[in-house]
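Accompanying notes for the structure given below.
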Amino acid sequence: MSWQAIDRKSAPADEGPGLSDAVKEKIRAFFPRYETKRAVMLPALHVAQEAIGYISVRAMKDIAELLELPPSAVMDVVTFYTHYWTHPRGEKVLMVCRSLSCQLMGADKLQHAIETKLGIKDHETTPDGKFSFMTEECLAACDHAPCLMVNERMHKRVTPEQLDKLLADADSDKLPMPRSDLYDAPHGEKPARGH
Amino acid sequence: MPKITVDGKQIECRDGVPVLQAVLEAGWDVPHYCYHPGLSVVASCRLCLMEMKMPHPQTKEMDWAPKLFPSCQTPVKDGMEVRFASEGVASSQSHVMEYYLVNHPLDCPVCDKAGECYLQDYSEKFGHASSRMVEDKHKNPKKDIGSKTLLYSDRCVVCSRCVRFGDEVAGAGELRVINRGHRAEIDVFPGVPLENELQGNVVDLCPVGALLSKDFLFQQRVWNLRSTPSVDPTTSAGATIWIDHNDDRIFRVRPRFNEKVNEWWISDETRFGWKYVADSKRLNQPLQRDNGAMKPLRWEAAPELLRRLLDEAASADQGVGVACVLSPMLSCEEAWLLSTFVRSRAPQATLVTGYVPVSGPDKTFPKGFKISAEKAPNRRGVESIIKAMGGPNATFEQFVKSAGDGKFKLAYVTGGYPQVWLTADQARAIGKVQTLITHDLFESALDEYATIRLPGASWAEREGSFMNADGLIQPFERALKPLDGVKSDGQFFHELVGRPGLYRGAKTREAMAEKIPAFGDIFVPRPEPEHAH
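Chains as they are written, first to last, in the working numbering: chain A, 1399 to 1593; chain B, 25 to 557.
Here is the structure:
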C-alpha cells in the first residue's frame, strides 16, 4: 500500500554468500594500480560477480570493508550499472537488444520466443539455474539486427527458429577470439599474449 | 571585490563565490535545488541556468552565448555579464520544472513540507499551473531509513543534497543514490540506517518533502508556526536556532545560519533537546517551608520575603555567610540581575559558578562542525560576570565543600538543567545551609532541604543572551509564555532588584554594559539571503 514505508533499517534475513579469502586477495591485488582504494570499485565488483555469480548484500559489505567505504557507496555503483547482478544469475545470460534497429528486425519476436521457451521474464533466472534473460538498450551491432548476446558472445541476425540450437550449444557463450595485447587481465594472472 | 552585471544591473560580489550565490545575495530569486553554499557543487538540478556573454568565436565581440550555463558552477569574474531575465532562461526553467513534476505524486495536502516546499514555490513562480502528464506515474517507494527520519522517495527530486551532506559534513555517508535515470532514488544500505549525530539536518536540507522528521511528522502545518530566533541551550557551542512554535508549544527546532559558529547545521542533541520544556514533571508552584511542610507561596510575596531573609542573614557580617549559585543555564542578564541583587544586600556574598555538566570529549566533524562536550550554554558568561563583580567567589565543588562545613547561613541555588544534576551526597552537604532557596525546573535532591523552592522557566520562555565557549555573546528571544504558575527568571530577578516595569533582555543588557563594558558587544549572525535555502 502506498502509505506503507519499506523497512530499510534492518538487515535482510539472508545476506547471501560473502567473499572468500582468495577472492579478497584477488581484489587487494588491484590496490597498487590505483591512487585510491575507491578506484578499485569496478574491478572488485567484477571479481566478486565472477566468483559468486552475482553481488550479494554480504559481498557488498565485504567490498566496502576492503575499500574502506560505507557499504551504501558500493550499493550505489552496483545498482547504477545494469550488468552487475544483485540476485543470483544463471550460468548463461541471454541479452536481447530492445533498441530501434533490432526491434524493427524482430527482436520482440525473439524476446517472446525466449520468454515462452524458458518460462522467465526480464531479469529472471530459470529454476535449474542454467539461463537468465535480460533486455539491453543496445548491443552496438545494428547492422546485424536482431542481436542476441549470450554471456560474452554475440550472435547476429538471430531468428526464433535458431533458438533451440543456440540454447543447446554448450559453447554459445564463449568469446571465439583470443584477447588482444591491450587486454588488461584482472587479478594479476598472466594472460596468453598475442593471437 | 568583483563587479558583475546581472540583467543590466551592476552588482558587487564577494570574491570566489559562484554567480548563483552572488545574485541570491543581491536579492534575485533564482530557482535551485542542488546548490547549497555549505556543500560541494554538482550542478545537477539544471534550474539555475543563466545566459552569459562570451567572445564570439569569429568576430571576438562579446555576445550572448547560445547555450545556458549553470550559475552555481560558474565563479564570478570581474566584468562578466549574465542574465536571468530572458526568454531562453525562463523557458528552460519552466521545462525543467515540468520534468520535476512528471512523477511527483502532488500529495501536498498530506505533505509536511507544504508551505515551505520549493517544488510549490518554483512551480508557482517558474513552472506551470497544470501538468500535461497523462501516462501513469512511476512511483518510488516510501522508506523507513532511520530512527528519526523517513524518506518518501516518490517526492524526491534527487538533488543529492542529503547524500553530499552525509559524506562531507557528517562524514558518515549512509545515504546514496541508487539505480539511475527516472528510477534513481535515495537509499540507505539495508541494515545500515541513517544514524549519525547530525542526521536531522538532511530534513532541513531537503528542498521538497522527501526527507521527513518522524518527530515532526503530521504535527503541524508549517504556516501555523511562528519562528523565534534563539540560541542552543544544550551545549556551550552556542549554535543559533529558530524555535518553531504555535500556541505556546514548541514543534521543532531548526538551525539559524551563523557564519561564526554552526553555519547551516545543528546537532540532533540541539534539534531534539527541547523536549523537557513540555515535560509534565516541571515545577509550577513556588513553595515555602512552614513548620517542616512545604506550603504554597504567592509570587507577589516572594521578593519581599527574599529581601527580608537576605537582610537577616547578612546583617551581622556583610553577608560572608551568604552564597549565590549562578547556574550556567541562566542567561548573562539573569545572572547579572541575581548577583546584583544578592550583592546589594550582602556585599561579601560568595558568587558561585553553577554545576557544569560535561559529557565525553568534544566531537569535530569533517568540515569543522563541533559538538561541544560542555552541556550548558553559558558557563563563560556566568564566569565573566562573577569576575567583573569581584569579591568572594567559588567553584561549585568548593561551594559544596564549604556548605558541608557549615560555612553558609543562606544560599540561593539556581538550577534549570534538563537532567538530574546533583548527587545525594552533594545535596546533603548543601542541605547544611540554614536558609536554602532553590530555583529549578524539576524536583531535585535539594527539595527536602529547601526553605523556599521557586519554579524556573525554560530557555524558550526567557530572553537574554548566552556567551558561548569562544566568548561570543548571542542574544535570544522569548518564544513561549512561561508555564502556568511559573514566572520567567529574568522577570523575577528584575523585581528582586526593584527595577520598574517589565524585564526586557536588550534593556537589561544596556544597563549591564554600563557596568561591564564587555557585554555591550553582542554578535548577531548575518541573515541568509531571502531566496537562498
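C-beta atoms are modelled at their ideal positions from N, C-alpha and C, and glycine is treated no differently.
All values derive from a computational prediction rather than experimental measurement.
7 Å Cβ cutoff, residue i in contact with chain A
{"i": "G215(B)", "result": "yes"}
{"i": "P61(B)", "result": "no"}
Min CB distance residue i to chain B below 7 Å
{"i": "W1453(A)", "result": "Per the sequence shown, the amino acid found at residue 1453(A) is Ile instead of Trp. False, the Cβ-Cβ gap to chain B never drops below 7 Å."}
{"i": "A1409(A)", "result": "yes"}
{"i": "G1592(A)", "result": "Low local confidence applies: a pLDDT of 44 at G1592(A) is under 50, so the model's placement there is unreliable, with the coordinate-based value given in what follows. For G1592(A), the answer is no, since every Cβ of chain B falls outside 7 Å of its Cβ."}
{"i": "P1415(A)", "result": "no"}
{"i": "M1473(A)", "result": "yes"}
{"i": "T1477(A)", "result": "yes"}
{"i": "M1399(A)", "result": "Residue placement at M1399(A) is flagged as unreliable, the pLDDT there being 41, under the threshold of 50; a coordinate-derived value is accordingly withheld."}
Whole-Å CB distance - residue i paired with residue j, under 8 Å assumed
{"i": "L520(B)", "j": "L330(B)", "result": "6 Å"}
{"i": "V285(B)", "j": "A263(B)", "result": "6 Å"}
{"i": "L218(B)", "j": "R185(B)", "result": "That pair is no contact at about 14 Å."}
{"i": "E358(B)", "j": "G509(B)", "result": "With 8 Å as the limit, E358(B) and G509(B) do not qualify as a contact, their Cβ atoms being about 19 Å apart."}
{"i": "T459(B)", "j": "L478(B)", "result": "With a Cβ gap of about 13 Å, T459(B) and L478(B) do not count as contacting."}
{"i": "P129(B)", "j": "R179(B)", "result": "6 Å"}
{"i": "V301(B)", "j": "S482(B)", "result": "4 Å"}
{"i": "C58(B)", "j": "V66(B)", "result": "5 Å"}
{"i": "N248(B)", "j": "L507(B)", "result": "Contact doesn't hold; Cβ gap of about 21 Å is too wide."}
{"i": "V1475(A)", "j": "G1414(A)", "result": "Not confirmed; about 17 Å, so no contact."}
{"i": "K305(B)", "j": "F466(B)", "result": "6 Å"}
{"i": "D211(B)", "j": "R1555(A)", "result": "In fact, because the Cβ distance is near 41 Å, the residues do not count as touching under 8 Å."}
{"i": "E398(B)", "j": "T294(B)", "result": "That pair is no contact at about 13 Å."}
{"i": "V246(B)", "j": "L235(B)", "result": "That pair is no contact at about 15 Å."}
Residue-chain proximity (residue i, chain C), Cβ-Cβ < 7 Å
{"i": "D1412(A)", "result": "Going by chain labels, chain C is absent from the structure shown, which instead holds the protein chains A and B."}
Proximal chain B residues relative to residue i, where beta-carbon distance stays under 8 Å
{"i": "I1404(A)", "result": "P165, K166, K167 and D168"}
{"i": "S1470(A)", "result": "G197, E198, L199, R200, D211, V212, F213 and V216"}
7 Å Cβ cut-off: residues of chain A touching residue i
{"i": "L174(B)", "result": "A1403"}
Which runs of the alpha helix (DSSP H) at least 4 residues long sit entirely within the region 199 to 232 of chain B? Give them in chain order. 225 to 229
| request: Scan the region 192 to 204 of chain B for residues whose Cβ lies nearer than 8 Å to a Cβ of chain A and list them as they occur along the chain. | output: If the cut-off is 8 Å between Cβ atoms, the region 192 to 204 of chain B has A196, G197, E198, L199, R200, V201, I202, N203 and R204 near chain A.
Go through the region 83 to 135 of chain B residue by residue and report every complete run of the beta strand (DSSP E) that reaches 3 residues or more, in order. 86 to 88 and 105 to 107
(request) For the region 211 to 243 of chain B, enumerate the residues whose C-beta is nearer than 8 Å to any C-beta of chain A, in chain order. (result) D211, V212, F213, P214, G215, V216 and P217
- Item | Secondary structure, alpha helix (DSSP H): runs of 4+ residues fully inside the region 432 to 464 of chain B | As far as the region 432 to 464 of chain B is concerned, its whole alpha helix (DSSP H) runs of at least 4 residues are 448 to 454.
### beta strand (DSSP E) segments (min. 3 residues) lying fully within the region 253 to 341 of chain B
264 to 270, 273 to 279, 311 to 314 and 317 to 320
Requested in this report: Entirely within the region 458 to 504 of chain B and at least 3 residues each: give me those beta strand (DSSP E) ranges in chain order.
Outcome: 459 to 464, 476 to 479, 488 to 491 and 497 to 500
To test your reading of the DSSP string, which unbroken beta strand (DSSP E) runs of 3 or more residues are found completely within the region 40 to 66 of chain B?
none
Taking only runs that begin and end inside the region 1436 to 1509 of chain A, name each unbroken alpha helix (DSSP H) of 4 or more residues, in chain order. 1439 to 1450, 1455 to 1465, 1469 to 1478 and 1498 to 1502
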